[in-house]
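K.L.:
The structure's right below; bear with me while I get my questions together.
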Amino acid sequence: MAHAPRERTLRPRDRADLVEILAGHPRPLEPIGGGSKRSIGSPVDADPLELSALAGIADYEPAELVLTAGAATPLATIEGELARHGQRLAFEPPDFGALLGSAPCGAQTIGGVLAANLAGSRRVSAGAARDHFLGFEAVSGDGVPFRAGGRVVKNVTGYDLPKLMAGSWGTLAVLVSVTVRVAPRPETETTIIVPVLDPAAAVDVLARGLGSPHDVSAAAFVPSRGAALRLEGFGESVAARVQGLLEWLGRDDADALADAESHALWRRVGSAADLGDAPCVVRISVPPSHAPRVIDEIEPERYLLDWGGGLIWAAFADADIDRVRSAIREGHATLWKAPRALRESAAVFPPLPPAVAALAAKLKAAFDPDGRLSPGRMGRHAAPGHPALETRH
Amino acid sequence: MICLPEPDPHLLARREDIVRALRSILGRERVIDEPLRLAAYETDAFTAYRQRPLAVTLPENTAEVADILRFAHREGVKVVPRGAGTSLSGGAIPAADAIVVGLGKFNRILDIDYANRCVVAQSGVTNLAISHAVADRGFYYAPDPSSQIACTIGGNVAENSGGVHCLKYGLTTNNVLGVEMVTPEGEIVRLGGRHLDSGHYDLLGLTIGSEGLIGVVTEVTVRILKRPETARALLIGFGAVENAGACVARIIGEGIVPAGMEMMDRPAIHAAEAFVNVGYPLDVEALLIVELDGPAAEVDLLIERVQRIAEAEGSTSCRASASEEERLAFWAGRKAAFPAVGRLSPDYYCMDGTIPRRELPRVLRAMNEMSAKYGLRVANVFHAGDGNLHPLILYDANSPGELERAEEFGNEILKLCVDVGGVLTGEHGVGLEKRDLMTYQFDERDLEIQHRVKRAFDPSLRFNPGKVYPTLHRCAELGREHVHKGQVRFPDLPRF
Chain A
42 MAHAPRERTL RPRDRADLVE ILAGHPRPLE PIGGGSKRSI GSPVDADPLE LSALAGIADY
102 EPAELVLTAG AATPLATIEG ELARHGQRLA FEPPDFGALL GSAPCGAQTI GGVLAANLAG
162 SRRVSAGAAR DHFLGFEAVS GDGVPFRAGG RVVKNVTGYD LPKLMAGSWG TLAVLVSVTV
222 RVAPRPETET TIIVPVLDPA AAVDVLARGL GSPHDVSAAA FVPSRGAALR LEGFGESVAA
282 RVQGLLEWLG RDDADALADA ESHALWRRVG SAADLGDAPC VVRISVPPSH APRVIDEIEP
342 ERYLLDWGGG LIWAAFADAD IDRVRSAIRE GHATLWKAPR ALRESAAVFP PLPPAVAALA
402 AKLKAAFDPD GRLSPGRMGR HAAPGHPALE TRH
Chain B
4 MICLPEPDPH LLARREDIVR ALRSILGRER VIDEPLRLAA YETDAFTAYR QRPLAVTLPE
64 NTAEVADILR FAHREGVKVV PRGAGTSLSG GAIPAADAIV VGLGKFNRIL DIDYANRCVV
124 AQSGVTNLAI SHAVADRGFY YAPDPSSQIA CTIGGNVAEN SGGVHCLKYG LTTNNVLGVE
184 MVTPEGEIVR LGGRHLDSGH YDLLGLTIGS EGLIGVVTEV TVRILKRPET ARALLIGFGA
244 VENAGACVAR IIGEGIVPAG MEMMDRPAIH AAEAFVNVGY PLDVEALLIV ELDGPAAEVD
304 LLIERVQRIA EAEGSTSCRA SASEEERLAF WAGRKAAFPA VGRLSPDYYC MDGTIPRREL
364 PRVLRAMNEM SAKYGLRVAN VFHAGDGNLH PLILYDANSP GELERAEEFG NEILKLCVDV
424 GGVLTGEHGV GLEKRDLMTY QFDERDLEIQ HRVKRAFDPS LRFNPGKVYP TLHRCAELGR
484 EHVHKGQVRF PDLPRF
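Taken in order, these protein sequences are the chains called A and B.
Here the first sequence stands for residues 42 to 434, where the numbers follow the numbering used here.
Here the second sequence stands for residues 4 to 499, where the numbers follow the numbering used here.
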C-alpha cells in the first residue's frame, strides 16, 4: 500500500506534548525512535510519531550499574558514554542496518532496541534486552502517562511491565524514558574456531562448550568458518580458560582469534550482516538441538546459527514462511526481512495459539483501548474467544 | 493493620455446594473442608496473619486444575494458588470466601535435557530438587532463595524469587524459559518453552512475579548451568559502614562481578557470632562477605584484586578462605543471621526494601534514628551487591502495642527506601504485607495501568483477592496470632 495522502508526521516536544497527541489525535500512530527497524513487521497505516526530542542520558552512575535515558537516545550515544567508564550493555544489541539495508547503521535508539527486545550473541549467557530493562516511563495508547519497574536491579514490586514492553514493538505504549542495567566491559576476549562443516557436528561442539565450566559467552556456527566459542574476562583468566576449553573439547585443530578479530567476528554474527544481500531473511528461535533438523527441512539458501544453535538466521530468495513454521515443533519464526508485498500478505510475527492470542488481544486492549499504536504491526489479533491471528490481505 | 476484602456472603453460604462440586472433580479425599485439616493452610511464612479458606483442593494434574478453574470461573468462586506456603509477604494466605489450589502433588521432574541445558518440572517441585536432579552431571539451577529446601519452583515463578547469588546469575525471571499455566478462565496455555524469548508479547515475563494474580502455573522449564569449577570467599571487616559501602562500589567499579556480596551491621555480626562461633571480628561496624566463583584461574586472580581494594578502602581485617570448610564457615554466620537475631528477642519482623547502593550509609543512619524513636532494636543484613536490605526489627508480640510499633517502623523503613530512589520489595513480594504501601511507590495512573493488566486476565478479580493492589472494597480484619520462637512456621528453614 502506498502512503496514505493524509499521513502527517507528529513530533512531540516532550512528555506532556506526547500525552496530548495520544489523547487527541484522530489517526493511528506509529512510534518511531531512529526508524532503523520500521521495515520489520506487517506494514502499518499510521501517522509517524517521531520521538527524537525524547533523547539524552538523564542519570548514569557507573558504580550503581544503572543508566536512565530518554527513549529516543541514540544507542551510539549510550554505548559511547558507557565505554568511557569501562562498561557496556551486556546483551550486545545488534545493529541490523547492514542486514535490512533500509536504514543506515548507527540509527537505532535505546527505546527501539528495548521495544524490539533485541540481543546479540551474548543472549545465551547474559540474557536479552528484557533481562536488563529495569524500568520505564511511558504513555499508553489512550494518553495515560505511567511508570513501571524502578531504578534498582532487584525489584519485585508490582507486575514486571518492562518485560511486557520489551518485544511489543511500540504496539502497547510509547516509551518516554528507560532505565537499563549496565555491566563491566571485560578486559579481553578470545574466540576459538573449531573447523566443523555440518550443523549437527557444530551444534554438538557448541553444546559442549556451553556445558563446560569455562564461562563461554557466545556460541555460533558460521558455515564458511566453523563453530565459534567466545571467552571474555580478565587477561590471565581468559588465557587459562582458552587452554581449559580446548582440552574440554578434545580438539587440537582449533584456531584462536584475539581481541579485534574476535570482536569483528561477533559484530557480524550478532547482526547477521553476512545475509544482507538476501531478499528474505527469517529469524527462528528453537531448542538448540532442533536446529540441524529444522535447517534440513526448510532448505535455506544460506544460514547462520547463533545462541548455541537456538537462533537460526535463514536466507531465502523468496521465503515461504508457512513452510518454515511447519518445520518448527517448539519455538517461533519471524519474517525479519522481506519485500513489502510479502509482508502485507504473510504473517510476519508468529501466529499464536487461540488461548494465547486471546490474552495478547486483551493486553493490547488494556494498554491501547482504541487500537491506535501501530495497529496490525504484530498481526491482527483475533477477538477473545475466536480463532488465532489472521494474516493480512 | 492489614485487611482483606470483606467476604462475599453468597459464596460463604454456598460452601457445601462448592465442596460437593469440587469433589465431583477430584474425589472426596483431595478436597479438604474439615476445620482441623484446613488449619494447615491458614497462613504462610507471614505468620502474623491467618485466615481459613472455604476449602482446599489438591489436584494431581493440569487437566484437574483446568477443571477446578473452569468451575470456579463459571460459579464466580475466588481462588488462591499455593505452593509450599513459604511466602514471607503473605502471598499464599487464603481468603474466607476463596478456595485454595494447592500444588503439593505436582512433584515430578518431567524432563532433564542436557543437550538444551534445561529441566522441565511440575510446579510443586522444590527449588533444590532441581539442582539435586542434575548434580551428578555437574549442573545446577542458579537462583537460590534461602528457603530453597522447601519452596517450590512454581512459587518462585509467582514471586520472581532471588537469592544470595542473583547478583551474578539473575533472578527467577532470568532463569526460567517457559511455563504451562491455567488461566482464570480455565484455559491451559504454554508460554515460552525450551527455546529463548517470545516471538510475540512476553507473557512469560509478565507471569513471573505476578504473585498468583493471573493464573495457576502447573509446569516450569528452567535453564541449568554448569557448576563453577571453584568458589572462594573473603571476610572483610570495616570500622565504618561508609568504608564498606565504598569497598562494594569500587569492586564493582573495577569490573568484578562477585557471585555474592553480603554486608552485616554490628548488631547482626554480634548476634551471628554468638550463635555460630565462626570467628567473625567483633570490633567492626560492618562486615562484608565477598564470594567469587568460576574457573580456578579467575577466582584466584580476583581474590587478590578484592583484597587490594579492601585494603585501599580501609578494611580493618580481611581473610580469604583457603578451603571449602572455611568458605562455608564464613557463610555460616550470615546464613544463621535470622535465627541468631531471633535469640535476642521473642519476635522479629524481616523487611525487604531495595535502595541504590550509594544511599546505604544514609539509610542505616536513618534506621538507627527510627530505632530510637520506636524503642525497638534493629539488626541489618544486606545483599550489598544489588542494594537489597533485610532489616530485622526486634519486638515482643506479648508486649501490648509492640507488633503495631514494629509494623509502623517497618513501613517507615520501606517509605525511606522509596524516598531514596529504591523500591518496596526486592525479593519477598508485595503480597498482603506491603499492599497498602503500593500507593507510596506508584501514583494512581501507574496503578490504573497495572489494574488494566490484571483485568485482562481476571476481569472479575477472583484470583488471589486482596493481594498486591489496594482495593476499594470494605475490609474485613484478618485473624492475628502472636508467633513466638519455636512456634514459627518452618522453624528449620534458613532465612537470609
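Where a beta carbon is used, it is the ideal one built from N, C-alpha and C, also for glycine.
Which residues, taken in chain order from the stretch 340-361 of chain B, show a beta carbon closer than 8 Å to some beta carbon of chain A?
P.N.:
Under the 8 Å Cβ criterion, the stretch 340-361 of chain B contributes 357, 358, 359, 360, 361.
K.L.:
Determine whether the Cβ of residue 328 of chain B lies closer than 8 Å to any Cβ atom of chain A.
P.N.:
Looking up residue 328 of chain B in the second sequence gives position 325. So, not an interface residue.
K.L.:
List the whole-angstrom C-beta distance separating residue 57 of chain B from residue 106 of chain B, where the pair is believed to meet the contact cut-off of C-beta under 8 Å.
P.N.:
Reading the second sequence from its first residue, position 54 is the one you call residue 57 of chain B. Reading the second sequence from its first residue, position 103 is the one you call residue 106 of chain B. Not really, about 18 Å apart at Cβ, beyond 8 Å.
K.L.:
Could you give the distance in angstroms between the alpha-carbon of residue 366 of chain B and the alpha-carbon of residue 191 of chain A?
P.N.:
Residue mapping note: residue 366 of chain B aligns to position 363 of the second sequence, counting from 1. Residue mapping note: residue 191 of chain A aligns to position 150 of the first sequence, counting from 1. Cα to Cα, the separation comes out at about 18 Å.
K.L.:
If we cut at 8 Å on Cβ distances, does residue 213 of chain B have a partner in chain A?
P.N.:
On the second sequence, residue 213 of chain B is found 210 positions in, with the first residue counted as 1. Chain A, which has a Cβ nearer than 8 Å to the Cβ of residue 213 of chain B, makes this yes.
K.L.:
I need the straight-line Cα distance from residue 183 of chain A to residue 453 of chain B, nearest angstrom please.
P.N.:
Stepping through the first sequence from its first residue, residue 183 of chain A is reached at position 142. Stepping through the second sequence from its first residue, residue 453 of chain B is reached at position 450. Cα to Cα, residue 183 of chain A sits roughly 15 Å from residue 453 of chain B.
K.L.:
Could you pull out every residue in the same chain whose Cβ sits closer than 6 Å to the Cβ of residue 69 of chain A, ignoring the five residues on either side in sequence?
P.N.:
One-based indexing of the first sequence puts residue 69 of chain A at position 28. Excluding residues within five positions, the ones whose Cβ falls inside 6 Å are 87, 413, 416.
K.L.:
State yes or no: is the beta carbon of residue 338 of chain B nearer than 8 Å to at least one beta carbon in chain A?
P.N.:
Stepping through the second sequence from its first residue, residue 338 of chain B is reached at position 335. Taking Cβ atoms only, chain A never reaches closer than 8 Å to residue 338 of chain B, which makes this a no.
K.L.:
Report the rounded CA-to-CA distance for residue 312 of chain A versus residue 348 of chain A, giving the unit in angstroms.
P.N.:
Counted from its first residue, the first sequence places residue 312 of chain A at position 271. Counted from its first residue, the first sequence places residue 348 of chain A at position 307. Roughly 13 Å separates the two Cα atoms.
K.L.:
Based on DSSP bridge pairs, tell me the residues matched to residue 264 of chain B.
P.N.:
Residue 264 of chain B sits at position 261 when you count from the first residue of the second sequence. In the DSSP output, where bridge partners are listed per residue, residue 264 of chain B has B:293.
K.L.:
At a CB-CB cut-off below 7 Å, which residues of chain A make contact with residue 182 of chain B?
P.N.:
Translated into positions along the second sequence, residue 182 of chain B becomes position 179. The premise fails here: residue 182 of chain B is roughly 12 Å from chain A at the closest Cβ pair, so nothing lies under 7 Å.
K.L.:
Can you tell me the Cα-Cα spacing of residue 337 of chain B and residue 139 of chain A, whole angstroms?
P.N.:
Position 334 of the second sequence holds residue 337 of chain B. Position 98 of the first sequence holds residue 139 of chain A. Computed Cα separation, rounded: 52 Å.
K.L.:
Per DSSP, what are the beta-bridge partners of residue 454 of chain B in this structure?
P.N.:
Within the second sequence, residue 454 of chain B is the residue found at index 451, counting from 1. None; residue 454 of chain B has no bridge partner.
K.L.:
Buried or exposed, going by whether 16 or more other CB atoms sit within 10 Å of the CB of residue 271 of chain A?
P.N.:
Looking up residue 271 of chain A in the first sequence gives position 230. Per the 10 Å Cβ criterion, buried.
K.L.:
Give every residue of the same chain whose Cβ lies closer than 8 Å to the Cβ of residue 294 of chain A, excluding the five residues on either side of it in the sequence, and list them in chain order.
P.N.:
Reading the first sequence from its first residue, position 253 is the one you call residue 294 of chain A. Answer for residue 294 of chain A: 235, 236, listed in chain order.
K.L.:
By Cβ distance below 8 Å, which residues in the same chain neighbour residue 172 of chain B in space, the five residues on each side in sequence not counted?
P.N.:
On the second sequence, residue 172 of chain B is found 169 positions in, with the first residue counted as 1. Within the same chain, residue 172 of chain B has close Cβ partners 145, 146, 178, 228, 262.
K.L.:
Need the endpoints of the beta strand (DSSP E) that residue 222 of chain A sits in, please.
P.N.:
Taking the first residue of the first sequence as 1, we reach residue 222 of chain A at position 181. Counting along the chain, the beta strand (DSSP E) containing residue 222 of chain A begins and ends at 214-222.
K.L.:
Say whether chain A places a C-beta atom closer than 8 Å to the C-beta of residue 438 of chain B.
P.N.:
In the second sequence, counting from the first residue as 1, residue 438 of chain B sits at position 435. Judged by the 8 Å Cβ criterion, residue 438 of chain B is not in contact with chain A.
K.L.:
Three or more C-beta pairs closer than 8 Å, one from the stretch 169-176 of chain A and one from the stretch 50-57 of chain A: is that the case here?
P.N.:
No contact exists between the stretch 169-176 of chain A and the stretch 50-57 of chain A.
K.L.:
For the pair the stretch 299-307 of chain B and the stretch 225-240 of chain B, tell me if three or more CB-CB distances fall below 8 Å.
P.N.:
Cβ pair count under 8 Å is three or more, so yes.
K.L.:
To the nearest angstrom, report how far apart residue 85 of chain A and residue 418 of chain A are at their CA atoms.
P.N.:
Counting from one through the first sequence, the residue named residue 85 of chain A turns up at place 44. Counting from one through the first sequence, the residue named residue 418 of chain A turns up at place 377. Their backbone Cα atoms lie some 6 Å apart in a straight line.
K.L.:
Could you check the C-alpha separation between residue 434 of chain A and residue 357 of chain A for me, to the nearest Å?
P.N.:
By one-based count along the first sequence, residue 434 of chain A stands at place 393. By one-based count along the first sequence, residue 357 of chain A stands at place 316. Here residue 434 of chain A scores only 32 on pLDDT, less than 50, and its place in the model is too uncertain to base an answer on.
K.L.:
Indicate whether the contact test is met: 3 or more Cβ pairs, each with one atom in the stretch 313-322 of chain A and one in the stretch 375-389 of chain A, closer than 8 Å.
P.N.:
The stretch 313-322 of chain A is in contact with the stretch 375-389 of chain A.
K.L.:
Whose C-beta lies closer than 7 Å to the C-beta of residue 135 of chain A among residues of the same chain, with five residues either side of it excluded?
P.N.:
One-based indexing of the first sequence puts residue 135 of chain A at position 94. Excluding positions up to five away in sequence, the list reads 159, 161, 311, 312.
K.L.:
Taking Cβ positions, are residue 502 of chain B and residue 196 of chain B nearer each other than 8 Å?
P.N.:
For chain B, the structure presents residues 4 to 499; residue 502 of chain B sits outside this window and is missing.
K.L.:
Quick check: residue 220 of chain B and residue 126 of chain B, are their CB atoms within less than 8 Å of each other?
P.N.:
Stepping through the second sequence from its first residue, residue 220 of chain B is reached at position 217. Stepping through the second sequence from its first residue, residue 126 of chain B is reached at position 123. It is a contact, given that the beta carbons lie within the stated cut-off.
K.L.:
Alpha carbon to alpha carbon, what distance is there between residue 61 of chain B and residue 29 of chain B?
P.N.:
Start at 1 with the first residue of the second sequence, and residue 29 of chain B comes out as number 26. Start at 1 with the first residue of the second sequence, and residue 61 of chain B comes out as number 58. Approximately 8 Å between the Cα atoms of the pair.
K.L.:
State yes or no: is the beta carbon of residue 300 of chain B nearer than 8 Å to at least one beta carbon in chain A?
P.N.:
Here residue 300 of chain B is taken as the residue at index 297 of the second sequence, counted from 1. Taking Cβ atoms only, chain A reaches closer than 8 Å to residue 300 of chain B, which makes this a yes.
K.L.:
List, in order along the chain, the chain B residues whose C-beta lies closer than 7 Å to that of residue 393 of chain A?
P.N.:
Residue mapping note: residue 393 of chain A aligns to position 352 of the first sequence, counting from 1. Here the neighbours are 203.
K.L.:
Closer than 8 Å, Cβ to any Cβ of chain B: which residues of the stretch 245-274 of chain A, in chain order?
P.N.:
Flagged, chain order: 248, 251, 252, 253, 254, 255, 256, 274.
K.L.:
Mind checking residue 207 of chain A: buried by the 16 CB within 10 Å criterion, or exposed?
P.N.:
Position 166 of the first sequence, counted from the start, is the residue given in the question as residue 207 of chain A. That one is buried.
K.L.:
Just mark residue 71 of chain A as buried or exposed, buried being the case when its beta carbon has 16 or more other beta carbons within 10 Å.
P.N.:
Looking up residue 71 of chain A in the first sequence gives position 30. Classification for residue 71 of chain A: buried.
K.L.:
With distances taken between CB atoms, is the gap from residue 240 of chain B to residue 287 of chain B smaller than 8 Å?
P.N.:
Counting from one through the second sequence, the residue named residue 240 of chain B turns up at place 237. Counting from one through the second sequence, the residue named residue 287 of chain B turns up at place 284. Taking 8 Å as the Cβ cut-off, residue 240 of chain B and residue 287 of chain B qualify as a contacting pair.
K.L.:
Look up residue 352 of chain B in the DSSP assignment and say whether it is helix, strand or coil.
P.N.:
Locating residue 352 of chain B in the second sequence gives position 349, counting from the first residue. Note: residue 352 of chain B maps to strand in three-state DSSP.
K.L.:
Taking only runs that begin and end inside the stretch 278-328 of chain B, name each unbroken beta strand (DSSP E) of 3 or more residues, in chain order.
P.N.:
Qualifying beta strand (DSSP E) stretches, in chain order: 289-297, 318-323.
K.L.:
Tell me which residues of the stretch 158-169 of chain B have at least one Cβ-Cβ distance to chain A shorter than 9 Å, keeping chain order.
P.N.:
Cβ contacts with chain A: 162, 163, 164, 165, 169.
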